[in-house]
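Please read the structure below before turning to the comments.
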Ligand code: ADP
Ligand code: MG
C-alpha cells in the first residue's frame, strides 16, 4: 500500500507527477482512498421515448439510421441518428469526426451512453460513449461506473475520470485482501452490522449493485467518525488522568457573601446547574477543561464571576480574557460594581493600559494581591506572571486560537482550571466532534422577562420607512445601531462603504438634534472607547459600527438594530449581532436591510432570522446551508475533515459512534488488549496521514 504511485502499471513518471500535484496521490493507498463521488448506473437501459429533461445521463440501445457530416470549419460536426423501437435520438461529435465515421456503421446496433441534452424538444447526446453490439466480445454489459473527482488540468492531460477508473481497476489487480487488514474490533463490526474494510474499499469503487455501494459508504463513514471519536476520547481521558489540578475544596466567604448580598437577580435553573458542574470539577483534583456554551444574553458572565470567587475563597487568583478592549473594559466595570463592596479588587490589563498603571498591575499580579484580573490578549504576554493562578476564563472563545488558550495554561506550574465560554451556538453534534476534548456545559435558558427581538427583512427601497421608524424610537428615548459589513478591517472598499453609510445616516439624522457615535476597526482604542462610552452614556443616540461590536457589548437602552447589506453576513454572525438589542425591558427590533435583488439562498438565510430567535436552531440552519467548514471558529485543526462523513447529515451515525467509542475506551482506555491491537495500529498509522491529530 505504501508503494509509490509510479510503480502502478499505467502510471509512469509523467502521470505520477500529475497525480501528486493535482490530487495529492503519492502511493497506492492514496489512490485507493480517492473515492468516486458518484456512480453512473449503467444497469439501466432507457427507451428513447422515455428520455426527459430531468435526466442528466442516458443509456440507450439502438440502430444507426443516418450519419452525416454537416457545417464548415469550426462548426463542422458529425450528426448521427440512432433509433430504437420507441423513437430517435441525435448524437453529435465535434471532434474525432473522421475516426468516429470509420468506427460507426449504418444499420449496426449500439449501446450508447452519454450526457443528455435537449434541443427544440428533441433529445441529444454530445460525444457519447458507443459500444458496438456486433463485436464478438460485446456483452451489452451494464454496471455501476465510478466517477472520480479530477481537475481540469488532469482532464487536459488525458487523465479523466474514466482513465482514473482504469488505474483503480489496475490497482485491484495487484493488491489483495491481506494488504487491507481489518481495523475495527470484531464485536463492533457485529454490533453495527458493518462490512469488512477490504470489502468496503472494493465496493466504494466497484459495486455490482447500489446496495453494495451503500454498505461501503456506511462502513467507511463509521470508521472515520469512530477513529476521530476515539482520538478525542483518548485525549480527554489522558488529560483527566494525568493533568492534576488544584483542589478547590471549599466555598467560602467571598462566594457566599456575593451570593447573599450582591447577586442582583435570581440565577436561572441553567445557570445554577452549570455552576454546580463547575464546582464539582473544581473539587475533583483534576484540572477542569470545560466549554460553556450559552446563547447571547444567556448570562454566562455571572457564572464566570462566581466561579472566580470560588478560586478566591481557596486562595487562588483568577483571570478572564476577552477578545476586545471594549469588552474587557465592560467586564471590569461590571465586576467592580458587583464585588467592590466586598473589598475584592478587580484589575484591568489591556493593550492600551498606560505604562505606569501597567507596572502597578503587573506587580500586584505577581505578588498575589490582585485576586481577579480582567484583560485582553495582553494577559498572555510573558511579562504577566501570576503569583498563584488557579482559574482562567476565556470569553468568546471563537475569537481566540487554541494556541492562545494553551498560553494561559502555562501561566501556572499546576495548570489552572479552564472555563472556555462561547456564544457561538454550536449544535451538540458539532461540539461533540470539534471540541470532543473538552467537557461541555450549556446554558439553554434565557433570564426571565426577555421579549424576543422582532426581526424583519426590508429591501433597500423601504429605507425611508425604516428611517422614520427609527426616528420614532429615538423620539421615545431609545437608541439605535447601524451595522455595516467590514469583514477584513484592511479592506479599503468596505471602509469607503462604511463612510458613505455614515454620511447617509447623518443626512437622515442631522446634528445638533441627533448625535452619532462611530466605531470601526481602523480606529485606535482610545477613539473606539470614547465613541462607545458616549453611546453607553446616552450622549449619542445612534451607533454606526462594523462588526467590532459583535461580541459582548451591553447597552440595554438600544432597541433597534439596522443591519446594512444583511445578505453579506452569515447566519450565526447575524444572530450574534442581533444579540446586542433586546437586552432591556423595552420591545426591540432588528431590521435586516438588503439590496433589492437578493439571491435565493440569501433570502432563505434572512427568513430564518425573521422566524426564530433561537441561537441553536439558527446554528443548525447555518450548518445546513453552508456546511460545517464555514462556521466561524469551530474549525479546530482539521478535526472536521472527513472523506465521506458529514457531521450534519450523519448526526445519527455520529451519536451511535460516540457511544461505541466511549464503551470501548471504558473497557480498554489505552487500547492494549490483543483484540484491539489492529485498531491501535490503525490509529497510529493514520496519524501519519493526518498530522493534525497530533495536536492536542
Ligand atoms: P452572555 O451570556 O451573552 O455573556 P451576559 O452574561 O452579558 O450574557 O448577560 C446578559 C445580561 O443578562 C446581563 O445584563 C446580565 O446582568 C443579565 N442576567 C444574567 N443572568 C441573569 C438572571 N439570572 N436574571 C436576570 N438577568 C440576568
Ligand atoms: Mg458575554
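Numbering (the working numbering), first residue to last: 1 to 696. Note that beta-carbon positions come from the ideal geometry of N, C-alpha and C, so glycine has one too.
To the nearest angstrom, report how far apart residue i and residue j are at their CA atoms.
i           : j           : result
residue 537 : residue 217 : 59 Å
residue 380 : residue 349 : 10 Å
residue 441 : residue 421 : 9 Å
residue 562 : residue 322 : 26 Å
residue 475 : residue 514 : 10 Å
residue 481 : residue 394 : 27 Å
residue 2   : residue 174 : 13 Å
residue 81  : residue 152 : 31 Å
residue 196 : residue 188 : 11 Å
residue 680 : residue 642 : 19 Å
residue 606 : residue 228 : 34 Å
residue 18  : residue 133 : 36 Å
residue 193 : residue 123 : 44 Å
residue 423 : residue 267 : 18 Å
residue 9   : residue 25  : 15 Å
residue 237 : residue 248 : 21 Å
residue 63  : residue 93  : 17 Å
residue 13  : residue 159 : 14 Å
residue 231 : residue 661 : 9 Å
residue 55  : residue 46  : 11 Å
residue 20  : residue 367 : 57 Å
residue 330 : residue 457 : 31 Å
Following the continuous alpha helix (DSSP H) through residue i, name the residue where it begins and the one where it ends.
i           : result
residue 595 : Element bounds for residue 595: n/a, residue is neither H nor E.
residue 251 : Per DSSP, residue 251 belongs to no alpha helix (DSSP H) and is neither H nor E.
residue 33  : Note, residue 33: premise wrong, no alpha helix (DSSP H); not H, not E.
residue 191 : 186-191
residue 335 : 325-339
residue 578 : 571-578
residue 4   : Counting along the chain, residue 4 falls outside any alpha helix (DSSP H), and DSSP gives it neither H nor E.
residue 555 : Unbroken run through residue 555: none, as it is neither H nor E.
Less than 8 Å between the CB atoms is what I'm expecting for residue i and residue j, so what's the real figure, rounded?
i           : j           : result
residue 106 : residue 114 : Between residue 114 and residue 106 the Cβ distance is about 20 Å, and since that is not below 8 Å, they are no contact.
residue 582 : residue 445 : No, residue 582 and residue 445 are not in contact; Cβ-Cβ is about 16 Å, not under 8 Å.
residue 312 : residue 344 : 7 Å
residue 517 : residue 534 : 5 Å
residue 714 : residue 449 : Past the edges of the chain, shown from 1 to 696, lies residue 714, and the structure says nothing about it.
residue 702 : residue 316 : With the chain represented from 1 up to 696, any question about residue 702 goes unanswered, as that position is not in the structure.
residue 148 : residue 156 : That belief does not hold up - the Cβ atoms of residue 148 and residue 156 are roughly 16 Å apart, past 8 Å.
residue 310 : residue 419 : Rounded, the Cβ-Cβ distance is 11 Å, inconsistent with contact.
residue 324 : residue 548 : 7 Å
residue 575 : residue 618 : 5 Å
residue 568 : residue 485 : 5 Å
residue 675 : residue 58  : With 8 Å as the limit, residue 675 and residue 58 do not qualify as a contact, their Cβ atoms being about 50 Å apart.
residue 299 : residue 483 : Actually they do not touch by this definition, with Cβ atoms about 23 Å apart.
residue 35  : residue 204 : 5 Å
residue 120 : residue 213 : Their Cβ separation, rounded to whole angstroms, is 37 Å, which puts residue 120 and residue 213 out of contact at 8 Å.
Is residue i near ligand 1, in the sense that its beta carbon is under 7 Å from a heavy atom of that ligand?
i           : result
residue 272 : no
residue 361 : no
residue 557 : no
residue 268 : yes
residue 265 : yes
residue 613 : no
residue 452 : no
residue 447 : yes
residue 583 : yes
residue 554 : yes
So if DSSP puts residue i in a beta bridge, which residue, or which two residues, is it bridged to?
i           : result
residue 93  : 78
residue 439 : 290
residue 41  : 144
residue 244 : 286
residue 422 : 293
residue 518 : 544
residue 177 : None, per the DSSP bridge assignment.
Quick check: is any heavy atom of ligand 2 less than 7 Å from the C-beta of residue i?
i           : result
residue 300 : yes
residue 423 : yes
residue 295 : no
residue 395 : yes
Counting along the chain, where does the beta strand (DSSP E) carrying residue i start and finish?
i           : result
residue 109 : 109-119
residue 55  : Unbroken run through residue 55: none, as it is neither H nor E.
residue 479 : 479-483
residue 698 : The structure shown has nothing for residue 698, since the chain only spans 1 to 696.
residue 766 : Residue 766 is absent from the model: the chain starts at 1 and stops at 696.
residue 123 : 122-126
Would you say residue i faces chain B, with C-beta separation under 8 Å as the test?
i           : result
residue 668 : The question asks about chain B, but that chain is absent: this structure has only one protein chain.
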